[in-house]
Structures are given as C-alpha cells and as structure tokens.
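Let me begin by presenting the structure, written as structure tokens, before commenting on it.
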Amino acid sequence: KECAGDAITEFTDDIICSAYRACFNGEHVNEGNGDSDSIKCSASHSCESAQLLAINQATIDCSGYNSCLNSRSIQSDQKISCSGTSSCENIKAKGSISSHEIICDGSRSCKDSVIRSKEEYGFVDCK
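Numbering follows the numbering used here, in which position 97 of the sequence shown is assigned residue number 219; successive positions increment by one, without gaps.
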C-alpha cells in the first residue's frame, strides 16, 4: 500500500503499481514523452478505485486480478489494455474507459463499464 491514496504525476517514466493495493484510490497521471511510458497495474487490486490518466502517447495496462476495478476513470490518448480477470470492471458511476485503442481480453475485464472510443476510427476489442 505504498502509494495508496496518493496523487502521482510522472513526466518521463512508468508508474508501476506491482503490489496488492499499491496505488489504491489514488490519482495517477503519466504525461509521457513519447517513449512508450505507461501506468502499469499488475498486482491484485493494485489500482482499484483510482483515477488513471495517460497522455502524450503513454498507455495504461491493467493486467492484475481486479487491478483497476471500480476505478473512477481510465483515460489514455493511446491505448488501454485490460487483460487481468475483472481488471476494468464496473467503471461507470463517475467516469469511463476512454482511449483511441481499448483491449478488454481478460475474463470479465470490462464488465459493467462505460467504454468510449476517443476517435471516429478508434479500436475497441472485447474478447
């Protein structure tokens, strides 16, 4: 629970939440510099109930079990990947999952969520 409840803004590197509830209920912004910077939520419940924003080509990866569950908002200019079981579930009360490219390939990963493509020719893949 190292960064739980914190507001983190990163300009040049990844934001990595790799422990149980490490970034729970926080506000995490990655203002990437175009070199594949990202917000990585790889552990169980690691970014649960958080607000995640990635801009300038930064991406968001929710790969842990329930990693981004109940998040207030998940937004990226580039790509959001929800590969963990129930990883991006129930994102609708106050926000949505919004990006140019959204991939929901984990079991129940985007269940009961509002999904918005940011562009006319955006890509949403729910497997």
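Even for Gly, the Cβ is constructed at its ideal location relative to N, Cα and C.
Burial state of residue i (16 or more Cβ within 10 Å)
{"i": "aspartate 159", "result": "buried"}
{"i": "lysine 214", "result": "exposed"}
{"i": "cysteine 139", "result": "buried"}
{"i": "serine 235", "result": "buried"}
{"i": "glutamate 69", "result": "The displayed coordinates of the chain run from 123 to 249. Any statement about residue 69 would go beyond what the structure contains."}
{"i": "arginine 238", "result": "exposed"}
Extent of the continuous beta strand (DSSP E) run through residue i
{"i": "cysteine 139", "result": "137-139"}
{"i": "leucine 191", "result": "First-last for leucine 191: undefined, no H or E at that position."}
{"i": "asparagine 152", "result": "149-153"}
{"i": "glutamate 241", "result": "Where glutamate 241 is concerned, there is no enclosing beta strand (DSSP E), given that its DSSP letter is neither H nor E."}
{"i": "isoleucine 291", "result": "With the chain running from 123 to 249 in the structure shown, residue 291 is simply not present."}
Of the listed residues the options, nearest to residue i (C-alpha basis)
{"i": "glycine 228", "options": "Phe146, Gly186, Ala176 and Gly217", "result": "Gly186"}
{"i": "isoleucine 166", "options": "Ile224, Cys204 and Asp199", "result": "Strictly speaking, residue 166 in this sequence is serine, with isoleucine absent from that position. Answer by Cα proximity: Cys204."}
{"i": "isoleucine 137", "options": "Asn178, Ile182 and Ser171", "result": "Ile182"}
{"i": "cysteine 248", "options": "Asp135, Glu241, Cys226 and Gly154", "result": "Cys226"}
{"i": "isoleucine 202", "options": "Lys162, Ala141, Ser168 and Gly217", "result": "Lys162"}
{"i": "glycine 154", "options": "Asp199, Glu211 and Ser208", "result": "Asp199"}
{"i": "lysine 233", "options": "Ala180, Gln197, Asn152 and Ser193", "result": "Ser193"}
{"i": "serine 189", "options": "Glu170, Phe245 and Gly217", "result": "Glu170"}
Beta-bridge pairing of residue i - partner residues as DSSP gives them
{"i": "cysteine 163", "result": "Cys139 and Cys184"}
{"i": "cysteine 226", "result": "Cys204 and Cys248"}
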